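Contents: one structure, followed by commentary.
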Amino acid sequence: MTNEDAAARGTGANVDGEMPEAEPEAVTAEATIHDGDTELERTIGLVGGLAIGIGTMIGAGIFVFPGIAAGDAGPAAALSFVIGGVIALLVALPASELATAMPRSGGGYYFVSRSMGTGYGAIVGLGLWLGLVFASAFYLVGLGNYATAVLGEVGIGLSINPVVPLGIFFAVVLTGLSVAGTENTAKIQNVVVAVLLVILTLFLTYGTLNAFGVFGRATAPETFFPRGYFPVLGTAALVFTSYLGFAQVATVAGDIKQPGRNLPLAMVGSVLVVTVFYVVTIFVATSAFSATELEGFGQTAMVEVAREFVGLPGAVAILIAGLLATFSSANASILSASRTVYALSRDALLPRKASEINLRYGTPHVALLAAGGPIVLLVAMNQVEVLAEVASFLHLVMYGLICAAVIVLRRRDPSWYEPSYRMPGAPALPAIGAVASFGLIAFMDPVSMGIGVGIMVVSFVWYRYYAGTVELKGDF
Amino acid sequence: MSDRPTVLVPIRVLDGESIPEGTPALLAKAHVVLLGYHEVPDQTAPGQARMQFEERANQRLDEFERMLEDAGATVETRLVFTHEGQTTIDRMIAEYDCLAVLVPNATSEPEDVLVAVRGTVGTGRLVRVVAGLFADSDVGVTLYHVADEGETDEDAETLLDGIAASLVEAGIEADAIDTRVAHEERAQDAIVDTAAGFDAVVMGESDPTLATFVFGMPAEQVADRFLGPVLVVQREKVDADEDSTTD
Chain A
1061 MTNEDAAARG TGANVDGEMP EAEPEAVTAE ATIHDGDTEL ERTIGLVGGL AIGIGTMIGA
1121 GIFVFPGIAA GDAGPAAALS FVIGGVIALL VALPASELAT AMPRSGGGYY FVSRSMGTGY
1181 GAIVGLGLWL GLVFASAFYL VGLGNYATAV LGEVGIGLSI NPVVPLGIFF AVVLTGLSVA
1241 GTENTAKIQN VVVAVLLVIL TLFLTYGTLN AFGVFGRATA PETFFPRGYF PVLGTAALVF
1301 TSYLGFAQVA TVAGDIKQPG RNLPLAMVGS VLVVTVFYVV TIFVATSAFS ATELEGFGQT
1361 AMVEVAREFV GLPGAVAILI AGLLATFSSA NASILSASRT VYALSRDALL PRKASEINLR
1421 YGTPHVALLA AGGPIVLLVA MNQVEVLAEV ASFLHLVMYG LICAAVIVLR RRDPSWYEPS
1481 YRMPGAPALP AIGAVASFGL IAFMDPVSMG IGVGIMVVSF VWYRYYAGTV ELKGDF
Chain B
201 MSDRPTVLVP IRVLDGESIP EGTPALLAKA HVVLLGYHEV PDQTAPGQAR MQFEERANQR
261 LDEFERMLED AGATVETRLV FTHEGQTTID RMIAEYDCLA VLVPNATSEP EDVLVAVRGT
321 VGTGRLVRVV AGLFADSDVG VTLYHVADEG ETDEDAETLL DGIAASLVEA GIEADAIDTR
381 VAHEERAQDA IVDTAAGFDA VVMGESDPTL ATFVFGMPAE QVADRFLGPV LVVQREKVDA
441 DEDSTTD
């Protein structure tokens, strides 16, 4: 399990004269060892890894999308989630292989920059940072919707729509907490995910039994493809935001214990778990209400589904679960975005200052604010579908390149590339994964595509201007 | 391997913790594993802390290493950035097979050391630590046992005399050894009260129970209340650890 690489470093320097940090000397099951015998302890186990993956993903697919997706594609939205899950799995496998060969912070950015060069790395890295910012803003709008629904439930009427103010409020709170909070956030995340899975399992089991008429009120199934086949793919592109979490496991790869075993299990496992939950959720939702009704309920459609089944207690349980889920998704994304900023600054693609640690709290305040600041702006836009699609777009570009990276590395087979997990079916499966990832982008809204391409161009221009001589390709 | 007992000295190197006064003298005959560690919150990548603090941490560790070496100890240093200090400490104990861990607190030049004996289990390691550190010195060793209910004075005396004999065999002067037996309800209170008259305490690590999860390990509590250095003798680690099934 020990990769005895010679300590190497990328070459070149950025405009500020900063060079990429040296690569570690060795990676063991418990620590990363740097030159001069400094070690970085690995403290997240398999459960923690799964909690990051599931906790990031489950918020969106269940608590935000069912109404929107069913409105777009009808009961066939379940198929959209299956397509999303298959694509996610096609990416999770190569990502696992790369992660076991390079278990360092930065995830997809790290893999792509080391296998395909700094240019691709910069596009993916800056794109990942902003992709996570978009994703987090999207989750926060969802959180705002749930908080608004809670206010409605307790009978507080407001003259203005409080979704955006609440979303912004939570964005500020989350950023503040992550800068100044020293409590053990990882442990809290594990508990939140466990509570969520229990509530959802109970709810979905009841809903499924109900749909099959066990409780004596079988529902009339409507047409599976009420809007035709094409919206199924468009909806898959939209809801792909629900599958962005597994790669977040890789952004903290440097903290995962026994990375050779735990990284693949956490990534593939969390994709499988959430895919099942998503598909069952859509099935249950569309068996309780028609697509048009679900669309009318909007982001909090699942609350109405629960109310239909078990009345007020069900609605309350799903409201609480929705608050927890969107909050944990947003939180995990902010932390991953901050890790990505750190990885970029470590490699001199962003100023070293960006990963500076606050002496009072021990937290990377610059990187966290680099995530929280733009999130507040994006929440204020309140464009749920655009936020979701841009987040997916930027992630999909990275996913496609992750698949390509496996093909490139398998062919070139450099001496440092010794993954302890090798995905099956290479090069065909990663090739399909790449085509599917890039292909899904084609089904997006033109506005989202425009913003995504714009961010990629700006990222590349930034790299050429700021760090044009930095060379990170893994020839070490 | 020398017969120097391996003692882990964990120091939160960037939080102002240092090698307290008296520690170098206490560990003069030990092989010290000096662990400088820095705990970072979950939001922070350990590597991020390394980029910023490695140099300062190493300077301080070098300074501490010199203090210990000047007193006569052999020293290995490690610097670890971690989210969980305890995980790191446990890993070091396992990697170096440390006989004891020092809970560092200030003390004067050690003259009298209290050795709390719990039972017959693990006395071999206890003897290795005490003899290794204090043989051929002027340090007085007091063996102390808090008798359980139903345990007679004779039982307790037999236990302590057996350990005293092993210590003598290992090079401690017979007249430097004293034995004491107490009968009180709570061993921990008895140890803390008695320890007030000593410069350091050597005691065993107890089995983790529910109470230790709630109140912390007895050794830590003793260290908190005693305010002097406590050497916690580690249990023998079972090799078939479920967690280490990699490779």
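For the record, the sequence lines run as chains A and B.
Its first residue numbered 1061, the first sequence is counted upward by one per residue in my numbering.
Its first residue numbered 201, the second sequence is counted upward by one per residue in my numbering.
Where a beta carbon is used, it is the ideal one built from N, C-alpha and C, also for glycine.
It should be emphasised that the depicted structure is a prediction, and the values quoted were computed from it without experimental measurement.
Distance between residue j and residue i (C-alpha atoms, nearest Å)
| i | j | result |
| --- | --- | --- |
| residue 1441(A) | residue 1104(A) | 36 Å |
| residue 434(B) | residue 298(B) | 7 Å |
| residue 1429(A) | residue 1187(A) | 17 Å |
| residue 1373(A) | residue 1261(A) | 16 Å |
| residue 1438(A) | residue 1202(A) | 13 Å |
| residue 1227(A) | residue 1200(A) | 5 Å |
| residue 1215(A) | residue 1305(A) | 35 Å |
| residue 1398(A) | residue 1164(A) | 14 Å |
| residue 393(B) | residue 427(B) | 12 Å |
| residue 1302(A) | residue 1435(A) | 18 Å |
| residue 1352(A) | residue 1335(A) | 24 Å |
| residue 1517(A) | residue 292(B) | 48 Å |
| residue 1310(A) | residue 403(B) | 43 Å |
| residue 376(B) | residue 1416(A) | 55 Å |
| residue 281(B) | residue 1086(A) | 15 Å |
| residue 1237(A) | residue 1231(A) | 10 Å |
| residue 440(B) | residue 1322(A) | Confidence is the limiting factor: at residue 440(B) the pLDDT is only 44, short of 50, which leaves the residue's position unreliable, though a coordinate-based value still follows. If you take the alpha carbons of residue 440(B) and residue 1322(A), they lie about 20 Å apart. |
| residue 1259(A) | residue 1366(A) | 11 Å |
| residue 254(B) | residue 207(B) | 24 Å |
| residue 1083(A) | residue 1528(A) | 20 Å |
| residue 395(B) | residue 378(B) | 14 Å |
| residue 216(B) | residue 401(B) | 24 Å |
The beta strand (DSSP E) enclosing residue i, as first and last residue numbers
| i | result |
| --- | --- |
| residue 343(B) | 340 to 346 |
| residue 1094(A) | 1091 to 1094 |
| residue 1124(A) | Segment: none, residue 1124(A) is in no beta strand (DSSP E) and carries neither H nor E. |
| residue 1287(A) | Looking at the DSSP string, residue 1287(A) is not in any beta strand (DSSP E), and its letter there is neither H nor E. |
| residue 172(B) | Because chain B is modelled from 201 through 447, residue 172(B) falls outside the range shown and cannot be assessed. |
| residue 379(B) | 377 to 382 |
| residue 206(B) | 206 to 212 |
Segment limits, alpha helix (DSSP H) that includes residue i
| i | result |
| --- | --- |
| residue 1103(A) | Segment: none, residue 1103(A) is in no alpha helix (DSSP H) and carries neither H nor E. |
| residue 291(B) | 285 to 296 |
| residue 237(B) | Premise fails: residue 237(B) lies in the beta strand (DSSP E), 231 to 239, not in any alpha helix (DSSP H). |
| residue 1161(A) | 1137 to 1161 |
| residue 389(B) | 387 to 395 |
| residue 262(B) | 246 to 271 |
| residue 302(B) | That residue, residue 302(B), is in no alpha helix (DSSP H); its beta strand (DSSP E) goes 300 to 303. |
| residue 1429(A) | 1425 to 1441 |
| residue 1460(A) | 1444 to 1472 |
Contacts that residue i makes with chain A (C-beta to C-beta distance below 8 Å)
| i | result |
| --- | --- |
| residue 256(B) | By Cβ distance, chain A contributes nothing, its closest Cβ being about 11 Å from residue 256(B), past 8 Å. |
| residue 287(B) | 1101, 1103 |
| residue 291(B) | 1090, 1091, 1101 |
Residue i: contacting residues in chain B (beta-carbon distance under 8 Å)
| i | result |
| --- | --- |
| residue 1399(A) | 245 |
Contacts of residue i in chain B (Cβ-Cβ under 9 Å)
| i | result |
| --- | --- |
| residue 1315(A) | 242, 245, 246, 283 |
| residue 1428(A) | 243 |
| residue 1402(A) | 244, 245, 247, 248, 251 |
| residue 1202(A) | Under the 9 Å cutoff, chain B gives no residues; its nearest Cβ is about 22 Å from residue 1202(A). |
| residue 1246(A) | 242, 283 |
Under 7 Å from the C-beta of residue i: neighbouring residues of chain B
| i | result |
| --- | --- |
| residue 1417(A) | 244, 248, 249, 252 |
| residue 1288(A) | Chain B residues near residue 1288(A): none, gap ~46 Å exceeds 7 Å. |
| residue 1081(A) | 251 |
| residue 1177(A) | Near residue 1177(A) there are no residues of chain B at all, since even the closest Cβ is about 22 Å away, more than 7 Å. |
| residue 1482(A) | Within chain B, no residue comes near residue 1482(A); the closest Cβ sits about 17 Å away, beyond 7 Å. |
Chain A residues whose Cβ lies nearer than 9 Å to that of residue i
| i | result |
| --- | --- |
| residue 278(B) | 1097, 1098, 1099 |
**OP:** Please confirm if the region 1417 to 1430 of chain A is in contact with the region 1479 to 1497 of chain A, defined as three or more CB-CB distances below 8 Å between the two stretches.
**Re:** With the cut-off at 8 Å, the region 1417 to 1430 of chain A and the region 1479 to 1497 of chain A do not touch.
Original post:
Do three or more CB pairs link the region 238 to 250 of chain B to the region 1202 to 1209 of chain A at distances below 8 Å?
Top reply: No: fewer than three Cβ pairs fall under 8 Å.
**OP:** Inspect the CB distances between the region 1245 to 1257 of chain A and the region 1452 to 1464 of chain A and report whether three or more fall short of 8 Å.
**Re:** The region 1245 to 1257 of chain A, when compared against the region 1452 to 1464 of chain A, does not touch it at the 8 Å Cβ threshold.
Subject >> Segment contact flag, the region 1170 to 1178 of chain A with the region 1378 to 1392 of chain A, C-beta cutoff 8 Å, min 3 pairs >> reply: As far as the Cβ criterion goes, the region 1170 to 1178 of chain A does not touch the region 1378 to 1392 of chain A, which means the pair count is below three.
Original post:
Given 8 Å as the limit, is there contact between the region 1148 to 1161 of chain A and the region 1346 to 1362 of chain A, that is, 3 or more CB pairs closer than that?
Top reply: The way I'd put it, the region 1148 to 1161 of chain A doesn't touch the region 1346 to 1362 of chain A; fewer than three beta-carbon pairs between them come closer than 8 Å.
Subject >> the region 259 to 279 of chain B contacting the region 1112 to 1123 of chain A, beta-carbon criterion three pairs below 8 Å >> reply: Remark: fewer than three beta-carbon pairs, one from each stretch, lie closer than 8 Å, so the region 259 to 279 of chain B and the region 1112 to 1123 of chain A are not flagged as touching.
Subject >> Stretch pair the region 305 to 314 of chain B + the region 334 to 351 of chain B: three plus CB contacts closer than 8 Å >> reply: Counting Cβ pairs under 8 Å, three or more are found: they touch.
**OP:** Could I get the ranges of all uninterrupted beta strand (DSSP E) runs contained in the region 308 to 372 of chain B, with 3 residues as the minimum, in chain order?
**Re:** With a minimum length of 3 residues, the continuous beta strand (DSSP E) runs that stay inside the region 308 to 372 of chain B are 312 to 316, 340 to 346.
**OP:** State whether the region 264 to 273 of chain B contacts the region 345 to 357 of chain B, with contact taken as three or more CB pairs (one from each stretch) at a distance under 8 Å.
**Re:** The answer is no - the region 345 to 357 of chain B does not touch the region 264 to 273 of chain B, with fewer than three Cβ pairs under 8 Å.
Subject >> In chain order, each alpha helix (DSSP H) run of at least 4 residues that lies wholly inside the region 1221 to 1250 of chain A >> reply: If only complete runs of 4 or more residues are kept, the region 1221 to 1250 of chain A shows the alpha helix (DSSP H) at 1223 to 1240, in order along the chain.
Subject >> Inter-stretch contact at 8 Å, needing at least 3 Cβ pairs: the region 1289 to 1303 of chain A / the region 1491 to 1510 of chain A >> reply: Cβ pair count under 8 Å is three or more, so yes.
Original post:
Quick check: the region 1125 to 1137 of chain A against the region 1335 to 1346 of chain A, are there 3 or more CB pairs under 8 Å?
Top reply: Short answer: they touch.
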